[in-house]
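A short worksheet on the structure shown next.
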Amino acid sequence: MSLTLNALAQLSGRASEYLLQEEAEETGLAPEAILEKLRGRLAVMRDSIRRGLASDAPSVAGLVGKNAKTLWEAPDPLQDPLLKRVQAYAMAVNEENARMGRIVAAPTAGSAGTLPGALLGVADHLGIPDEDLLMPMVLAAGVAKIISRQIYIAGASGGCQAEIGSSAAMAAAAVTELLGGSPEACAHAAALALQNALGLVCDPVGGFVEVPCVMRNGFYAVHAVSAASMALAGIRSVIPPDEVILAMAGIGRLLPLELKETGLGGLAATPTGKRLAAKALGEDLEGPSS
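Using this note's numbering, the letters of the sequence shown map in sequence onto residues 1202 to 1491.
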């Protein structure tokens, strides 16, 4: 796939239609066969949201497990069902991941909640049927391909900007197309989401994909919807979309090892982070008593 975000912005029609045809040519699969696979992925996303919103079972490390359900069932003082829905959906997926439940990596397990939180959250808020989500999902996958073939999408390589930033870009583009945005708007929605994740470190407490990962997906699902809203209003990234990707790559190379998924820096290095990690791992920070 040689398409870039800048080139995507120049397309006419729906960006996803071009990407679907290109995927069909690359894989040899018929477009309908690709869409059928996406129906399966969408069903898994739906199921992970359903399970996550209903469960308060603890995660593997015991650091999370009931946040999505707590938010979903709590009164909403803002009276903003979209905001609450998007956050809760995203957190539900990542808490299911933290319980070792079945999820769709989008593009990674640690950032799996952002796309379904934003896309399915907006669709459910507006009463849009699931069948209408398939082409926006094609676009989301295309954005992930563009990013991954230029640089990386792993927190171990580029920090959380590479994971949650990429997932927010995917989600922003998908929501923009779902709401009738042009290819240009979709590309710039992705760029707006990505540029505002630049420098984000990967600092999981204890090395578990739980804190701050679950909450971070909730925040960045909302972030993606905000980027889509701006792009649909006509706001464009001053820095061309592909240059935003290259900026992320440069920042990733500058980040120290401690801030790239090692659990050695950031929140993971705080006194409380160390204590929680030791407890989850069954270790004693104080050492044996004398």
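Virtual Cβ for every residue (Gly too), placed ideally from N, Cα, C. These numbers come from a predicted model, not from an experiment.
- Boundaries of the alpha helix (DSSP H) harbouring residue 1387: 1384-1396, taken from the DSSP string.
- The continuous alpha helix (DSSP H) containing residue 1242 extends over residues 1232-1255.
- In the pairwise beta carbon analysis, the region 1292-1302 is classified as touching the region 1312-1322: at least three pairs are separated by under 8 Å.
- Between residue 1322 and residue 1350, the C-beta spacing is not below 7 Å.
- With respect to the 7 Å criterion, residue 1344 and residue 1426 are not classified as neighbours on the basis of their beta carbons.
- Counting C-beta atoms within 10 angstroms of its own C-beta, residue 1413 has 16 or more neighbours from the protein chains shown and is therefore classed as buried.
- Per DSSP, residue 1277 is not a residue of any alpha helix (DSSP H), being assigned neither H nor E.
- Fully contained in the region 1377-1464 are the following alpha helix (DSSP H) runs of length 4 or more, in chain order: 1384-1396, 1414-1433 and 1442-1455.
- Unbroken alpha helix (DSSP H) runs of no fewer than 4 residues, entirely contained in the region 1317-1353, are found at 1335-1351, following chain order.
- Per DSSP, the unbroken alpha helix (DSSP H) holding residue 1478 starts and ends at 1472-1481.
- DSSP, read as helix, strand or coil, puts residue 1484 in coil.
- For residue 1364, no alpha helix (DSSP H) segment is defined, and its DSSP state is neither H nor E.
- Assigned with DSSP and collapsed to three states, residue 1215 falls in coil, not helix or strand.
- By the neighbour-count criterion, in which a residue is buried when 16 or more other Cβ atoms sit within 10 angstroms of its Cβ, residue 1455 is exposed.
- Taking the Cβ atoms as the reference, residue 1217 lies roughly 4 Å from residue 1339, within the contact range of under 8 Å.
- Taking a C-beta distance under 7 Å as the contact criterion, residue 1289 and residue 1265 do not qualify as a contact pair.
- If the five residues before and after residue 1461 are omitted, its C-beta is found closer than 6 Å to the C-beta atoms of 1357, 1360 and 1403, all from its own chain and listed in chain order.
- At least 7 Å separates the beta-carbon of residue 1308 from that of residue 1388.
- Looking at the backbone, the Cα of residue 1430 and that of residue 1401 are separated by about 22 Å.
- Taking all protein chains shown into account, residue 1439 has fewer than 16 neighbouring C-beta atoms within 10 Å of its C-beta and is therefore exposed.
- Between residue 1411 and residue 1256, the beta carbon gap of about 15 Å keeps them out of contact (Cβ cut-off 8 Å).
- Take residue 1221, set aside five residues on each side of it, and the residues of its chain with a beta-carbon closer than 8 Å to its own are 1232, 1235, 1236, 1336 and 1339, in chain order.
- Cα atoms of residue 1333 and residue 1310: separation of roughly 24 Å, rounded to the nearest angstrom.
- For residue 1468, there is no enclosing alpha helix (DSSP H), as DSSP marks it with neither H nor E.
- Scanning 1331, 1302 and 1342 for the CA closest to the CA of residue 1224 turns up 1342.
- Contact between residue 1372 and residue 1306 fails: their C-beta atoms lie close to 14 Å from each other, not under 8 Å.
- Residue range 1206-1209 is occupied by the alpha helix (DSSP H) that includes residue 1208.
- One thing to note: residue 1243 has its Cβ within 7 Å of the Cβ of residue 1331.
- Here DSSP, grouped into helix, strand and coil, assigns residue 1356 to helix.
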